[in-house]
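In the numbering used here, the protein residues as written are 39 to 364.
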């Protein structure tokens with residue numbers, strides 16, 4: 039099930055006996071797991087099992103028992119490993135037998151949970167939701183909703199700046215918003231620089247600006263990958279940036295002037311908007327298509343070629359791409 043379908047069901051009070059949330063965005067997995075648990079519990083206690091705390095027998099006993107001190111038995115399991123199918127199917131079956139019991143599984147990290155998710159079907163009165171990384175516009179609107187909830191005065195441009203500082207990691211960005219809420223003052227880029235520390239020494243925005251203007255990216259590229267960014271994630275962010283440039287290019291050709299709000303749905307600081315517009319107008323439609331194909335093919339190669347030194351190959355391809363634009 040996709041997020042939008044689940045959102046509609048959740049608003050309509052559709053209830054399942056077992057839930058599984060997993061995918062690319064750990065932040066959304068956490069938020070949805072907790073929202074469902076709170077709704078099911080009605081304020082009562084929730085039994086939470088984290089990672090290596092998982093013990094099948096203890097989970098089985100908890101779900102099988104009658105609720106002595108609350109109306110429901112709610113078990114939330116957060117895991118980075120697959121739960122054996124036989125154990126998982128039994129836990130789900132118990133929830134179908136014991137109407138007071140509910141199971142929520144949060145799949146965190148890069149493990150492929152798709153086979154586990156197959157146990158959560160309509161037939162088993164289960165529900166599985168797979169999350170994808172939000173695009174920039176979706177992410178900024180999610181973060182903007184959080185600022186409203188916490189009464190933080192922070193513009194779209196500042197949110198984008200903070201989000202990029204954390205290499206588009208939602209969890210880290212939200213953690214810093216929680217910290218910034220204590221200041222009770224309008225949030226500016228200067229405050230973010232003084233109070234927050236990004237994931238790495240190299241800004242992903244600065245790197246992408248250099249990449250698409252044919253500047254030397256060797257040191258920045260090495261640092262980004264050395265600091266732990268996944269090669270596929272880097273390609274995805276590059277492709278997303280390239281699509282933004284294409285949108286700007288198309289808009290300017292149609293309208294003759296830049297309106298970032300119409301393109302993105304939110305404002306960007308003027309210098310960022312102007313920089314992207316300047317880069318966008320360097321390329322024509324055929325060149326955009328050629329660049330998109332380049333990064334799509336690179337991603338496919340990394341995912342399918344065996345025996346490939348992914349880090350070295352990625353660096354070589356990015357360097358060759360950058361050199362081709364000089």
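In this text, a Cβ means the ideal position worked out from N, Cα and C, and glycines have one as well. Since this is a predicted model, take the numbers as computed values, not measurements.
Beta-carbon proximity check, residue i vs residue j, cutoff 8 Å
{"i": "residue 230", "j": "residue 260", "result": "no"}
{"i": "residue 190", "j": "residue 215", "result": "yes"}
{"i": "residue 112", "j": "residue 84", "result": "yes"}
{"i": "residue 245", "j": "residue 220", "result": "no"}
{"i": "residue 212", "j": "residue 70", "result": "no"}
{"i": "residue 140", "j": "residue 78", "result": "yes"}
{"i": "residue 280", "j": "residue 330", "result": "yes"}
{"i": "residue 313", "j": "residue 247", "result": "yes"}
{"i": "residue 101", "j": "residue 136", "result": "yes"}
{"i": "residue 360", "j": "residue 249", "result": "yes"}
{"i": "residue 269", "j": "residue 340", "result": "yes"}
{"i": "residue 241", "j": "residue 274", "result": "no"}
{"i": "residue 315", "j": "residue 292", "result": "no"}
Residue i - DSSP class collapsed to helix/strand/coil
{"i": "residue 120", "result": "coil"}
{"i": "residue 165", "result": "strand"}
{"i": "residue 361", "result": "helix"}
{"i": "residue 139", "result": "strand"}
{"i": "residue 109", "result": "coil"}
{"i": "residue 58", "result": "strand"}
{"i": "residue 88", "result": "strand"}
{"i": "residue 157", "result": "coil"}
{"i": "residue 195", "result": "helix"}
{"i": "residue 203", "result": "helix"}
{"i": "residue 50", "result": "coil"}
{"i": "residue 114", "result": "strand"}
{"i": "residue 241", "result": "coil"}
{"i": "residue 144", "result": "strand"}
{"i": "residue 225", "result": "strand"}
{"i": "residue 208", "result": "helix"}
{"i": "residue 217", "result": "helix"}
{"i": "residue 133", "result": "helix"}
{"i": "residue 262", "result": "helix"}
{"i": "residue 72", "result": "helix"}
{"i": "residue 150", "result": "coil"}
Which listed residue (the options) has its alpha carbon closest to that of residue i
{"i": "residue 370", "options": "117, 137 and 336", "result": "Since the first and last residues shown for the chain are 39 and 364, residue 370 lies out of range."}
{"i": "residue 145", "options": "197, 170, 282 and 101", "result": "170"}
{"i": "residue 159", "options": "56, 297, 323 and 276", "result": "56"}
{"i": "residue 60", "options": "117, 362 and 232", "result": "117"}
{"i": "residue 295", "options": "319, 275 and 179", "result": "319"}
{"i": "residue 174", "options": "195, 161, 156 and 185", "result": "195"}
{"i": "residue 52", "options": "334, 243, 163 and 253", "result": "163"}
{"i": "residue 47", "options": "165, 115 and 223", "result": "165"}
{"i": "residue 224", "options": "186, 129 and 274", "result": "186"}
{"i": "residue 207", "options": "355, 42, 63 and 362", "result": "63"}
{"i": "residue 120", "options": "149, 44 and 128", "result": "149"}
{"i": "residue 287", "options": "275, 156, 228 and 311", "result": "311"}
{"i": "residue 114", "options": "95, 103 and 143", "result": "143"}
{"i": "residue 104", "options": "152, 275, 332 and 138", "result": "138"}
{"i": "residue 153", "options": "147, 180, 122 and 161", "result": "122"}
{"i": "residue 156", "options": "226, 179, 227 and 124", "result": "124"}
{"i": "residue 93", "options": "227, 129, 67 and 151", "result": "129"}
Rounded separation between residue i and residue j - CA only
{"i": "residue 65", "j": "residue 98", "result": "27 Å"}
{"i": "residue 40", "j": "residue 204", "result": "26 Å"}
{"i": "residue 192", "j": "residue 131", "result": "47 Å"}
{"i": "residue 283", "j": "residue 347", "result": "30 Å"}
{"i": "residue 177", "j": "residue 300", "result": "17 Å"}
{"i": "residue 307", "j": "residue 317", "result": "16 Å"}
{"i": "residue 58", "j": "residue 50", "result": "19 Å"}
{"i": "residue 349", "j": "residue 110", "result": "49 Å"}
{"i": "residue 232", "j": "residue 322", "result": "40 Å"}
{"i": "residue 126", "j": "residue 344", "result": "32 Å"}
{"i": "residue 73", "j": "residue 80", "result": "11 Å"}
{"i": "residue 54", "j": "residue 172", "result": "25 Å"}
{"i": "residue 42", "j": "residue 243", "result": "29 Å"}
{"i": "residue 253", "j": "residue 354", "result": "15 Å"}
{"i": "residue 298", "j": "residue 266", "result": "31 Å"}
{"i": "residue 182", "j": "residue 218", "result": "14 Å"}
{"i": "residue 327", "j": "residue 95", "result": "55 Å"}
{"i": "residue 82", "j": "residue 91", "result": "22 Å"}
{"i": "residue 251", "j": "residue 147", "result": "34 Å"}
{"i": "residue 324", "j": "residue 179", "result": "32 Å"}
{"i": "residue 342", "j": "residue 276", "result": "20 Å"}
{"i": "residue 44", "j": "residue 362", "result": "45 Å"}
{"i": "residue 332", "j": "residue 278", "result": "13 Å"}
{"i": "residue 257", "j": "residue 309", "result": "24 Å"}
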